[in-house]
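FYI, the numbering for the sequence shown is 199 to 362, going by the working numbering. Cβ coordinates follow ideal geometry from the N, Cα and C atoms, glycine included. Source: prediction; values computed, not measured. Below is one structure; the comments refer to it alone.
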Amino acid sequence: MRLISCTVVLGAAAVTLVGSPAAQAQTPAPPGATAYFINLKDRETVTSPFKVQFGLTGMGVAPAGVEKEKTGHHHLLIDTKLSDEEAKAPLPMDAQHMHFGGGQTETTLTLPPGQHTLQLVLGDWSHIPFSPPIVSPVITIRVRQQSAAAQRASAPAPAGMQHH
Ligand SMILES: [Cu+2]
Numbered sequence: 199m200r201l202i203s204c205t206v207v208l209g210a211a212a213v214t215l216v217g218s219p220a221a222q223a224q225t226p227a228p229p230g231a232t233a234y235f236i237n238l239k240d241r242e243t244v245t246s247p248f249k250v251q252f253g254l255t256g257m258g259v260a261p262a263g264v265e266k267e268k269t270g271h272h273h274l275l276i277d278t279k280l281s282d283e284e285a286k287a288p289l290p291m292d293a294q295h296m297h298f299g300g301g302q303t304e305t306t307l308t309l310p311p312g313q314h315t316l317q318l319v320l321g322d323w324s325h326i327p328f329s330p331p332i333v334s335p336v337i338t339i340r341v342r343q344q345s346a347a348a349q350r351a352s353a354p355a356p357a358g359m360q361h362h
């Protein structure tokens, strides 16, 4: 009798392990860890291209793929925000979800004129946000319309207009 009940208990434990979402578990966030923009404030006006510096307190930066306690890498969300579902899975990699898997702590962004939102989301070694998520406040920036002179300086002149 004792042997049978023991088998039943073990079987239940095995089912629990397989059935739980623990395989995709989020890394617990170190207490007090926060992400923030060092050089940009909410409602700031910038001229494109502009620098974005990523701040992080309470933990360190490590490249993607390196599983080390209390580290992660930065992601920059542009004109989008994370849904609750997305916050529990590896972050998408596209133009609106930039990964800095090399451990970079700044970038230079080129965005079209107008209003844009930016947010930092820290991901663990496998690009999954921490639990609770380590994110910066969402900031709204305004990218200035370039002056005509600046556009001429940065854009190559159309063919045929280079020589008069
Ligand atoms: Cu990533």
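*Is it the case that the CB of H314 approaches a heavy atom of ligand 1 more closely than 7 Å?*
Taking the first residue of the sequence shown as 1, we reach residue 314 at position 116. Not under cutoff, so the answer is no.
_Extent of the continuous beta strand (DSSP E) run through E304_ = Position 106 of the sequence shown, counting from 1, holds the residue named residue 304. From DSSP, the beta strand (DSSP E) with E304 extends over 304 to 307.
*Express the C-alpha separation of T245 and P261 in angstroms, rounding to a whole number.*
Locating residue 261 in the sequence shown gives position 63, where the first residue counts as 1. Locating residue 245 in the sequence shown gives position 47, where the first residue counts as 1. Roughly 30 Å separates the two Cα atoms.
*Exposed or buried, which one is R350 when buried takes at least 16 other CB atoms within 10 Å?*
One-based indexing of the sequence shown puts residue 350 at position 152. The residue is exposed, with fewer than 16 neighbouring Cβ atoms inside 10 Å.
*Anyone know if the C-beta pair for L320 and L254 falls short of 8 Å?*
Taking the first residue of the sequence shown as position 1, residue 320 is located at position 122. Taking the first residue of the sequence shown as position 1, residue 254 is located at position 56. Yes. Within cutoff.
_Rounded to the nearest angstrom, what separates Q251 and H272 at their Cα positions?_
Along the sequence shown, one-based indexing puts residue 251 at 53. Along the sequence shown, one-based indexing puts residue 272 at 74. Their backbone Cα atoms lie some 10 Å apart in a straight line.
_Any heavy atom of ligand 3 closer than 7 Å to the beta-carbon of A262?_
Of the ligands this structure carries, namely ligand 1, none is ligand 3.
*Helix, strand or coil: which one does DSSP assign to K286?*
Locating residue 286 in the sequence shown gives position 88, where the first residue counts as 1. Reduced to three states, the DSSP call for K286 is helix.
*Does at least one heavy atom of ligand 1 sit under 7 Å from the Cβ of G299?*
Against the sequence shown, residue 299 aligns to sequence position 101. Checking the Cβ of G299 against ligand 1 gives yes.
*asked:* Taking the alpha carbon of D292 as the reference point, which residue from T305, A285, I276, G301 has its own alpha carbon closest?
replied: By 1-based counting over the sequence shown, the position of residue 292 is 94. It is I276 whose Cα lies nearest to the Cα of D292.
*Reduced DSSP secondary structure (H/G/I, E/B, other) of R340*: As a first step, residue 340 must be located in the sequence shown, where it is residue number 142. In the structure shown, R340 sits in a strand (DSSP, three-state: E or B).
*For L318, which beta-bridge partners are listed by DSSP?*
Taking the sequence shown and counting its residues from 1, one reaches residue 318 at position 120. Bridge partners of L318: L274.
*Counting only the same chain and skipping the five closest in sequence on each side, list residues whose C-beta sits under 7 Å from that of S334.*
The residue you call residue 334 lines up with position 136 of the sequence shown. Answer for S334: A233, Y234, F235, Q317, L318, listed in chain order.
_Span separating the alpha-carbon of Q344 from that of K266_ = Numbered from its first residue, the sequence shown carries residue 344 at position 146. Numbered from its first residue, the sequence shown carries residue 266 at position 68. Using only the alpha carbons, I get a separation of about 43 Å.
*asked:* Could you pull the DSSP bridge partners for K249 from this structure?
replied: By one-based count along the sequence shown, residue 249 stands at place 51. Answer by DSSP bridge pairing, in chain order: T306.
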